[in-house]
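Novice: Quick one: the structure is below, and I'll ask about it shortly.
There are 4 protein chains.
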Amino acid sequence: MNKSPFDDDKLHEECGVFGVFGHDDASALVALGLHALQHRGQEASGIVSFDGEDFYAHRAQGLVGKGFSDPNVIARLKGYAAIGHNRYSTTGETLARNIQPLYADLSFGGFAVAHNGNLTNTHQLRQELVTQGAIFQSTTDTEVIIHLMALSKKTAIIDRLVDALHQIKGAYSLVACTGDRVIGVRDPYGIRPLVLGRLGDSHILASETCALDIIGATYVRDVEAGELIIIDKDGVHSKRPFGDKSSRFCIFEYIYFARPDSFMEGHSVYEVRKEIGAELAREAPCVDADLVVPVPDSGVPAAIGFAEAGKIPFELGIIRNHYVGRTFIEPTDQIRHLGVKMKHNANKAFIEGKKVVLVDDSIVRGTTSQKIVEMVRQAGAKEVHMRIASPPTAHSCFYGIDTPSTENLLAHRMSVDEIQDFIGVDSMAYVSIDGLYRAVGAAKRDNGAPQYCDACFTGEYPVELVDHTDKSARTKISSLNERRQKG
Amino acid sequence: MNKSPFDDDKLHEECGVFGVFGHDDASALVALGLHALQHRGQEASGIVSFDGEDFYAHRAQGLVGKGFSDPNVIARLKGYAAIGHNRYSTTGETLARNIQPLYADLSFGGFAVAHNGNLTNTHQLRQELVTQGAIFQSTTDTEVIIHLMALSKKTAIIDRLVDALHQIKGAYSLVACTGDRVIGVRDPYGIRPLVLGRLGDSHILASETCALDIIGATYVRDVEAGELIIIDKDGVHSKRPFGDKSSRFCIFEYIYFARPDSFMEGHSVYEVRKEIGAELAREAPCVDADLVVPVPDSGVPAAIGFAEAGKIPFELGIIRNHYVGRTFIEPTDQIRHLGVKMKHNANKAFIEGKKVVLVDDSIVRGTTSQKIVEMVRQAGAKEVHMRIASPPTAHSCFYGIDTPSTENLLAHRMSVDEIQDFIGVDSMAYVSIDGLYRAVGAAKRDNGAPQYCDACFTGEYPVELVDHTDKSARTKISSLNERRQKG
Amino acid sequence: MNKSPFDDDKLHEECGVFGVFGHDDASALVALGLHALQHRGQEASGIVSFDGEDFYAHRAQGLVGKGFSDPNVIARLKGYAAIGHNRYSTTGETLARNIQPLYADLSFGGFAVAHNGNLTNTHQLRQELVTQGAIFQSTTDTEVIIHLMALSKKTAIIDRLVDALHQIKGAYSLVACTGDRVIGVRDPYGIRPLVLGRLGDSHILASETCALDIIGATYVRDVEAGELIIIDKDGVHSKRPFGDKSSRFCIFEYIYFARPDSFMEGHSVYEVRKEIGAELAREAPCVDADLVVPVPDSGVPAAIGFAEAGKIPFELGIIRNHYVGRTFIEPTDQIRHLGVKMKHNANKAFIEGKKVVLVDDSIVRGTTSQKIVEMVRQAGAKEVHMRIASPPTAHSCFYGIDTPSTENLLAHRMSVDEIQDFIGVDSMAYVSIDGLYRAVGAAKRDNGAPQYCDACFTGEYPVELVDHTDKSARTKISSLNERRQKG
Amino acid sequence: MNKSPFDDDKLHEECGVFGVFGHDDASALVALGLHALQHRGQEASGIVSFDGEDFYAHRAQGLVGKGFSDPNVIARLKGYAAIGHNRYSTTGETLARNIQPLYADLSFGGFAVAHNGNLTNTHQLRQELVTQGAIFQSTTDTEVIIHLMALSKKTAIIDRLVDALHQIKGAYSLVACTGDRVIGVRDPYGIRPLVLGRLGDSHILASETCALDIIGATYVRDVEAGELIIIDKDGVHSKRPFGDKSSRFCIFEYIYFARPDSFMEGHSVYEVRKEIGAELAREAPCVDADLVVPVPDSGVPAAIGFAEAGKIPFELGIIRNHYVGRTFIEPTDQIRHLGVKMKHNANKAFIEGKKVVLVDDSIVRGTTSQKIVEMVRQAGAKEVHMRIASPPTAHSCFYGIDTPSTENLLAHRMSVDEIQDFIGVDSMAYVSIDGLYRAVGAAKRDNGAPQYCDACFTGEYPVELVDHTDKSARTKISSLNERRQKG
């Protein structure tokens, strides 16, 4: 039901964050929270804790359940406050020094920070900071925030942080730890998610509510767009350094990124997905189809919604092999010719001779869709119809999602009719943008003041793309080429 | 949809086998086939190939996709004939020398064999063989077969093999390789599965049809109970060394072990599971329930069948975290108290205030069921009803399935009413044994001559349990204690 | 003949450095040079190279021959300029980010630096730098130099470096790379060694001449105390930013640290060691001894010198097991009682019934000496006399040598007579400080202006110990506790 | 002083063995003993122990200090009796199943055996055994012994062993464990060494006395040629199953294989080596030479003996880098041209302008000798004279030593004069065969009944070379090609 760790024909969330203040097992809770947020990043994880005197850090390549499974690791991460981070692998290799949370000894003391999102003026700020004598240890844009704080003329830590926040642009949900407090921030548009929870007397910050559930914490509320939350021994304090701004939450979180059992901004992700499926069934019905088949695993809720609304039987007509995502056999020409099915297999008993509606959440490059349709046809389907539970993905994201460049997006290069031919289906439909908005409870998209960030569908970017626009800023971030030590 | 690699409250298949004769990429095909059969064994895999002159072997701990991912490994396994084996981990540790296929230089040449199943007179035979001077290199019962062949007085290889088969008792589906031929055997009752497939001019043997699908091979037929198949350059030859016997195929393969996209003895596994769910809905309806929720992932097909037959909405009310199966945090008392939900999370949006029917395929010890029910209740379910898509599992298996000893089986210790209380549900029902037989197409169980092996439900064991009955034979298999080298 | 990698009763050099400018295989030459300098640091090694456009880095735990043995590693380290560093293991564990050369993107471009030595005002400078907004990525004092350069008000790189050098105190031999040049610096007293070599048109910097020999380079001259060498495409340039100062080279390099086949400041290290032995034989003869036995391996040259001068036969009376340095068996009481001899064994054939002179280079804690004397006595020696080829080591080093704190030095706690009793020998003598100076070619120590740094013997420290003296500066360098990722 | 682990221009001992009976820490003592015998085999080690009920085994690739350093490993190897084995690496890779001691469950109980030496009729016996139905698990010739015992018609274990010994031919020093006893055997000619020691009430068997020294055990006596020693709770029992035969101990053990601190057959190995050097000085003096320089490390004792007898100063004119033996840099043409000196460096201070006598223990292929002479000449030597402390090595060994085939031995292809030219020296001499015999205390070689096995010099092989002579027996030992699992 959750996302595959290695599906390379999907957009990918780049990070998950989690923070705890006021619990004796703070680091263990963070490890569990990160495990629940593993779908938001599988490349590497890190935890920094504070025990009233010292900070403790552990960062490891790979899944949380591997990097933090040694009981000594958690035992060493002492303290009542801890923050953690999952990182998504874009390349399969990563520098150890890029694993978050980042930590720095600043003049006021230790400071650790973890970031979900992406800044759009990193290069510009980085050039200015290096000119002032700043030395960067990572290639993450998160480090820009730390240097802005280090060089801020303000005295108080929070003032320094606000000083830094006013200079950065982009999408960010941050959790930070200064020792005696844990801090959460959402960017002025609240593009990436962040929720506040409670476990007894402890306070929790998490990217999604599923990470509250795993430790039995209760959901309190979503951190608001542009809100800065400070948790210390006196409790939770809220600041609004940007004044009031209207939220533009990432609508794709509903479509694919978030776990189906999470609630976001008050909505059940699973219910929204089912509802998108129902909208699709109304907008683009397929009345005489024999069965609705989800593309596993992410298409399942929309397919159930489609099947219910369309009154067509729902069947698991495609079975997924959970054991591995990547092809591990170097294919000879002969083997390539066989069309090896590493990930999926058609459930022939149901497909043969049937009119099949395939439901998927989105299409990025379209290569996987093509293969799946071919497999379903080989299994004997009479007709194959494709329904996509999102509008066409035609624009890259610059706010923390790993997307191909715009020209590699299928919907950028082709019309829906062309896509129908390319994928090889008898009919093809995407949900409309208004249908999508209806599924999340709006009457329709307010084109003057859109309620969500939907830039990947509409190309309307709420936050200025400074580095992207200013070609001169797009120089190499470092002239050092270093590979991670194999571990 | 497939089995979790580490669900310790399930019965487990102990092995999968695969063989290819007559293909230039024989070993690559075996690796792919083993990958498709990964659910039948995750501990270790091995492949032995033959190139007309020499045999080549590679055996590795862990998943196929890991142990065989280096292209050099496959390149070294040269030849047109190859057999492979997946092994299930009962302990997490294993001796390298126990990884199959086993290989021996016999007087007639090299011989490799891989075995799915379990012999019931291993200890007895082993004692006799050691007395004759045989030296065992593994603790697998498969090696008994090789020694019986080595010491056979017959001349021809096939005669030696038949000689050995007449001495062993138990369940076995074997694939073997003598260089110039690949051999497949199913025990006289055909307890474990084995199918024959074809890929161009090549012939394939596999535990399940899903392993034919992955390489695009076509299904020819199931190897019959008691049949010995010999594949050589002249094609496929069949022998029946045991004469005609009626088949007693393992009915639990349908319930849980096999992949849902496989066909066994002509039946779609997925359809049988749906049909068991439908039988359950007829035998033990739950008319005023609000929704049917499968226990992921194995309960899904039966839940769909139950929902359709019972006309109750089907919902994914429990979400599974695919990233890890084992608890990786050493729980302090505080953490234990939280009831950490590592594997599953209730989808609260659907559960709250609802009458829920949970559908699972089977119950072994009941510990997982208890936790899931508790989780569903905490999520606000008004009523929780449990429906199990198999009869009560009350007897251990001695034919190749990893089961707890009989006294640890919940259904051995408790009546259905007691189980209802233990699990904490409002109502509880198992499908009847006849309902199960109906789902696989029989009118009912023929108690005089049962059509399947259902010993785990009925305690009627078709093959004599020699070692189990003869206490004197149950001595230690070796006085050597050796741990595997960490790799 | 060389130092044992793990002799924990010896002082230890903490680093070796090597640099190449103007060779197509610059990184391969650096790797070879570091291999020849392995005795100066076994914990970790790093190389940074520059190819005219980009910098390339590789750093690895363990020996050079392990961390740089993959041909791809060297192939990736492209360029005509490269510098490298060996680091000594004080604890067996180290942070990946502490492995040198350090690298930073400064406003003028990339800058890499490697350091042999130790600064004495690191804490003081670090506190000032953090207050100015500097963020440290390592706990090495080398990083102070980089931050001083980053924050310097000067424009030209060399001016910034000189600016930084004027602020640091202590012992340092640096090699640095700015891309278009490789730089070498020795501190004003020239405490640690650094030599200049030539290989065809390429120029080399190395800690010792043995690292020139391995690649067939010729020795040009020692870099002078306080000299800054700049190597670029126009050749070698020399600067003297500190004016003229008299050199105080570390005399212990002759006694133990350097490889015997190196030349330092014009002297053969091996010859100096033999000459110290000869001085010892004159100062503290042992006229009726039967044989001179070196404590292997470092005592051999002095023992040969002693034997020649004293006209006593030289014999390898103690055999060393080269295979491991550390005890690997957890001793039970029984085993402890056996007095297990992991490293050395007496050559009984020569020892029994003899009057033996043991010659060692130095004594730190005395524990190894005690055990060796006991072993020699058990082998049947009639008398055992100890001669040490250095004066008593009674003071800690703060200039880049790993020494126990002063109170743990045997010669700090005991007189020579007390040491004789403690070690258990019949007579005991150290070479005199003047004898030592004679062995390196001086008439005697010039007490008004000593020719060498001999602080470990005399307690006269040529460079101010700022951090050591100013207690307030001795705070923790970072409040972060992080362990290296196991690799 | 000891052998380099990786000198590929030397002959190599293939194994070391060690056994303990009657000590609570038997396995720890074996591990220590194997560590002291590490020079006899570096590829892999194994220990099998017995605690009165069960056997325990651990086998590991690499050095003892690595494979047995985990305290849990030793703790698991429980018991009062244990045997162990070091194996030499001929290829760098090895099958896990070839690591000794081998173990088998025989009809009389468990049996473990470790072997130093080489059988000369393995192939012949193996073919016969396979025909009888024996299945081999390894490619070691040691396993032949186990199968011969398993198939013996005798009843008592010792009788079965003697039965087996009468069928095997070749050189062997065995230690075995049957649980209640530890057994030691030397072949009828006593070609390989084996000594008996005592530690309190415990009895020890070891390849060399240096392995007694490490645990503080006392040397009792050498096991005699053809003697079978049985150690049980009643003490040490001796049998002579072959009657009396005259010993032909391997004379090369004195020259190179054994550790210099060991005693063999009553002689100090170090003293014998010095004495060979002295013989050389008398047979082939070099009167006007300036200094005697050993080729490190194995040439040192002979060089000391030569220097003393020849009254020429002894100097360490060649320094060895102990950190690695293999070239780790893939040489480009440029680098190859440099003549990189990975292992040795000339000590120029002593060499320049001098007439140098180089002393080495033996020459195999001559490649290393050539390089060393070239290096010494480059360092400025006026003359270079080579003296070899053994006769010319002109014949392969079939008794447990890793030798090149005869045609690759320099002394097989060239006369001494030709070798002098090939090596590039001004004069060249080997010790005479009679000189060698004198050094071990004989008047001369008794050509009618030689006192030692000197086949590598004389080509007179005391034990029949069955497999070598019978070409038909030299078939492949197995048709299986398997590589070890990387660990």
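Chains as they are written, first to last, in our numbering: chain P, -6 to 480; chain G, -6 to 480; chain F, -6 to 480; chain D, -6 to 480.
Ideal placement from N, C-alpha and C gives every residue a C-beta, glycine not left out.
Just confirm the distance between the C-beta atoms of VAL23 of chain P and TYR96 of chain P, as a whole number of angstroms; I'd bet it's less than 8 angstroms.
Specialist: That pair is no contact at about 15 angstroms.
Novice: Which term fits GLY177 of chain G, buried or exposed, when burial requires 16 or more other beta carbons within 10 angstroms of its beta carbon?
Specialist: buried
Novice: Is there a Cβ of chain P sitting closer than 8 angstroms to that of HIS78 of chain G, yes or no?
Specialist: no
Novice: For ASP47 of chain D, go through chain G and note every residue whose CB falls closer than 7 angstroms to its CB, in chain order.
Specialist: SER472 and ASN474
Novice: When DSSP builds the beta bridges, which residues end up paired with TYR49 of chain P?
Specialist: P:SER42 and F:ASN474
Novice: In the segment 242 to 269 of chain G, which residues sit with their C-beta less than 8 angstroms from some C-beta in chain P, listed in chain order?
Specialist: Answer set for the segment 242 to 269 of chain G: ARG252, PRO253, ASP254, PHE256, SER261, TYR263 and GLU264.
Novice: Could you check whether the segment 141 to 153 of chain P touches the segment 185 to 205 of chain P, counting it as contact only if at least three pairs of C-beta atoms, one from each stretch, sit closer than 8 angstroms?
Specialist: no
Novice: At 7 angstroms on the CB atoms, spell out the chain P contacts of HIS116 of chain F, in chain order.
Specialist: By Cβ distance, chain P contributes nothing, its closest Cβ being about 12 angstroms from HIS116 of chain F, past 7 angstroms.
Novice: Can the beta-carbon of LEU331 of chain D be found less than 8 angstroms from the beta-carbon of GLY209 of chain F?
Specialist: Remark: C-beta atoms of LEU331 of chain D and GLY209 of chain F approach each other more closely than 8 angstroms.
Novice: Is the CB-CB distance between ARG358 of chain D and ASP2 of chain D below 8 angstroms?
Specialist: yes
Novice: Just the chain G side, please: which residues come within less than 8 angstroms of CYS203 of chain P by C-beta, in chain order?
Specialist: Neighbours of CYS203 of chain P on chain G, chain order: ILE312 and ASN338.
Novice: Against THR124 of chain F, what residues of chain P qualify as contacts under a CB-to-CB distance less than 7 angstroms, listed in chain order?
Specialist: SER100
Novice: Tell whether a beta-carbon distance below 8 angstroms holds between VAL366 of chain G and GLY303 of chain G.
Specialist: no
Novice: Suppose you measure from the CA of LEU154 of chain F to the CA of GLU217 of chain F; what does that come to, to the nearest Å?
Specialist: 18 angstroms
Novice: If you measure from the beta carbon of ILE67 of chain F to each beta carbon in chain P, is any gap under 8 angstroms?
Specialist: no
Novice: Tell me which residues share the same chain as PRO287 of chain D and place their Cβ nearer than 6 angstroms to its Cβ, disregarding the 5 neighbours each side in the sequence.
Specialist: VAL293, ALA296 and VAL352
Novice: Taking the alpha carbon of THR451 of chain F as the point to measure from, which residue in F:ASP463, F:CYS390 and F:LEU99 has its own alpha carbon closest?
Specialist: F:CYS390
Novice: Report the neighbours of PHE129 of chain D on chain G: residues whose CB is nearer than 7 angstroms to its CB, in chain order.
Specialist: ASP98
Novice: Report yes if the C-beta distance between LEU187 of chain G and ARG179 of chain G is below 8 angstroms; otherwise report no.
Specialist: yes
Novice: Tell me the residue span of the alpha helix (DSSP H) that contains GLU330 of chain P.
Specialist: Here the sequence assigns His to residue 330 of chain P, which means Glu is not the residue at that position. 326 to 331 is the extent of the alpha helix (DSSP H) around HIS330 of chain P.
Novice: Could you please give me the residues that DSSP links to THR115 of chain P through a beta bridge?
Specialist: In DSSP, THR115 of chain P forms no bridge with anything.
Novice: Please state the DSSP three-state secondary structure of ALA105 of chain D.
Specialist: strand
Novice: Could you spell out where the alpha helix (DSSP H) holding THR462 of chain P opens and where it closes?
Specialist: DSSP places THR462 of chain P in the uninterrupted alpha helix (DSSP H) bounded by 459 to 462.
Novice: Between ILE328 of chain P and chain G, is any beta-carbon pair separated by less than 8 angstroms?
Specialist: yes
Novice: In chain F, which residues lie with their C-beta within 7 angstroms of the C-beta of ASP332 of chain D?
Specialist: For the record, residue 332 of chain D in the displayed sequence is Gly; it is not Asp. Neighbours of GLY332 of chain D on chain F, chain order: GLY209.
Novice: Quick check: is the beta carbon of ALA271 of chain G nearer than 8 angstroms to any beta carbon in chain P?
Specialist: no
Novice: What separation, rounded to the nearest whole angstrom, lies between the Cα atoms of THR132 of chain D and LEU205 of chain D?
Specialist: 31 angstroms
Novice: Which of helix, strand or coil does DSSP assign to CYS8 of chain G?
Specialist: strand
Novice: Quick one: does ASP18 of chain P have its CB under 8 angstroms from some CB of chain G?
Specialist: yes
Novice: Between which two residues does the alpha helix (DSSP H) containing CYS203 of chain G stretch?
Specialist: Segment 203 to 206, the alpha helix (DSSP H) holding CYS203 of chain G.
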